[in-house]
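Asks: Residue numbers (my numbering): 2 to 259. To start, I am sharing the structure in question, which I have written as structure tokens.
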DNA sequence: AATACCGTCAACCGCTGGACA
DNA sequence: CTGTCCAGCGGTTGACGGTAT
């Protein structure tokens with residue numbers, strides 16, 4: 002099958018468990034000198050009795066020079082929580098938004114610390130919704146409490162921001178954005194007039210700025226692109242781009258988070 | 001002082017999907 | 001098209017240190 006464990010490689014006895022300082026040194030020196038290349042050949046070339054997978058993990062989670070060590074800042078903590086709300090347990094995607102942190106590190110931090118903190122605050126870490134209590138109360142509260150932010154892209158979207166748009170080759174524009182099957186999607190951006198492209202949102206032009214008709218938000222879960230489970234996360238009211246658009250997106254936003 | 005319990009974290013395991021022959 | 005190899009991912013495990021009993 003398509004899987005192989007460290008046991009299936011060569012008869013030679015492979016070491017497991019914690020890494021010794023000598024092993025670390027061998028692996029570190031090898032990769033600094035020759036780069037990674039093919040992980041399966043690294044142990045042989047570096048003189049290690051480990052499988053390539055084990056070497057890869059050790060490098061990524063511990064030896065890499067660009068790793069940030071030490072405890073998580075409050076800012077990082079908040080970022081992890083908001084990214085987890087959007088992406089779920091996609092630790093590598095979450096880690097990609099936190100320079101110097103590994104997916105393993107974030108996963109451990111989440112499981113050992115953050116989950117507990119959220120529960121203490123009365124928030125279910127799985128759903129990010131209030132635990133127990135009066136469900137109707139919490140549902141009523143949501144639409145009445147949108148968060149409206151204005152400013153540069155990285156300020157308004159600290160949780161994925163400029164990098165997200167750049168990586169996805171998307172210029173954020175007026176419209177709805179949301180989550181479907183834990184992927185962030187943009188829907189209907191850049192469109193004016195109503196119900197274009199099968200989307201169920203409306204907008205109109207007012208003094209040169211396109212304005213969303215938020216009444217249509219309630220319809221957005223119904224069959225956009227034939228998808229279910231679409232969960233709107235935010236809408237861009239107005240925006241203005243600036244800077245070098247070829248080098249990545251820059252702009253000022255007026256955004257409403259649901 | 002002994003040991004049971006708990007939290008943290010490094011590392012492993014097994015699965016998935018992409019690349020390639 | 002099929003099979004194999006491999007990197008990457010997320011869940012799980014186990015070692016270890018600290019704290020409670």
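Even glycine gets a Cβ: it sits at the ideal position worked out from N, Cα and C.
What does a CB cutoff of less than 6 Å around residue 50 pick up in its chain, not counting 5 residues either side in sequence?
Replies: Numbered from its first residue, the first chain carries residue 50 at position 49. Within the same chain, residue 50 has close Cβ partners 15, 16.
Asks: What would DSSP say about residue 125, mapped onto helix, strand or coil?
Replies: The residue labelled residue 125 in the question sits at position 124 within the first chain. DSSP places residue 125 in strand when its eight states are reduced to three.
Asks: Short of 6 Å in beta carbon distance, which residues of its chain neighbour residue 68, apart from the five on each side in sequence? Order them along the chain.
Replies: Indexing the first chain from 1 puts residue 68 at position 67. Contacts found: 101.
Asks: Where DSSP assigns a beta bridge to residue 131, which residues make up the other side?
Replies: For this step, residue 131 is matched to residue 130 along the first chain. In the DSSP output, where bridge partners are listed per residue, residue 131 has 124.
Asks: Spatial neighbours of residue 56 within its chain, please: C-beta separation below 8 Å, excluding the five flanking residues on both sides.
Replies: On the first chain, position 55 is the one that residue 56 refers to. Result list for residue 56: 28, 40, 43, 44, 47, 49, in chain order.
Asks: Could you check the C-alpha separation between residue 106 and residue 31 for me, to the nearest Å?
Replies: Counting from one through the first chain, the residue named residue 106 turns up at place 105. Counting from one through the first chain, the residue named residue 31 turns up at place 30. Straight-line Cα distance between these residues: approximately 24 Å.
Asks: I need the straight-line Cα distance from residue 78 to residue 132, nearest angstrom please.
Replies: Here the question's residue 78 lines up with position 77 in the first chain. Here the question's residue 132 lines up with position 131 in the first chain. So the two alpha carbons sit approximately 20 Å from each other.
Asks: Given a threshold of 16 other Cβ atoms within 10 Å of its Cβ, counted over all protein chains shown, does residue 96 qualify as buried or as exposed?
Replies: As a working mapping, residue 96 is identified with position 95 in the first chain. Per the 10 Å Cβ criterion, buried.
Asks: Taking the runs of the alpha helix (DSSP H) that are 4 residues or longer, which of them lie wholly in the region 48-122?
Replies: 53-59, 75-88, 92-96, 104-110, 116-121
Asks: For residue 126 and residue 114, I'd like the C-alpha separation in whole angstroms.
Replies: What you label residue 126 is simply residue 125 of the first chain in a count that begins at 1. What you label residue 114 is simply residue 113 of the first chain in a count that begins at 1. So the two alpha carbons sit approximately 11 Å from each other.
Asks: If residue 80 sits next to residue 99, beta carbons under 8 Å apart, how far is it from one beta carbon to the other, in whole angstroms?
Replies: Translated into positions along the first chain, residue 80 becomes position 79. Translated into positions along the first chain, residue 99 becomes position 98. With a Cβ gap of about 6 Å, residue 80 and residue 99 count as contacting.
Asks: Give the secondary structure of residue 37 by DSSP, where H, G and I count as helix, E and B as strand, and everything else as coil.
Replies: Here residue 37 refers to the residue found at position 36 when the first chain is read from its first residue. In this structure, DSSP gives residue 37 a state outside helix and strand, which the three-state scheme calls coil.
Asks: Run through DSSP, which three-state label would residue 19 get?
Replies: Numbered from its first residue, the first chain carries residue 19 at position 18. Coil.
Asks: Residue 21 to residue 66, Cα distance in whole Å?
Replies: By 1-based counting over the first chain, the position of residue 21 is 20. By 1-based counting over the first chain, the position of residue 66 is 65. The alpha-carbon atoms of residue 21 and residue 66 are separated by roughly 18 Å.
Asks: Given this structure, state the Cα-to-Cα distance separating residue 58 from residue 18, to the nearest angstrom.
Replies: For the purposes of this step, residue 58 is taken as residue 57 along the first chain, with counting starting at 1. For the purposes of this step, residue 18 is taken as residue 17 along the first chain, with counting starting at 1. Their Cα atoms are separated by approximately 12 Å.
Asks: Suppose the cutoff is 7 Å on Cβ atoms and the five residues either side in sequence are ignored; what does the same chain contact list for residue 61 look like?
Replies: Along the first chain, one-based indexing puts residue 61 at 60. Listed in chain order, the non-local C-beta contacts of residue 61 below 7 Å within the same chain comprise 103, local neighbours out to five positions each way being set aside.
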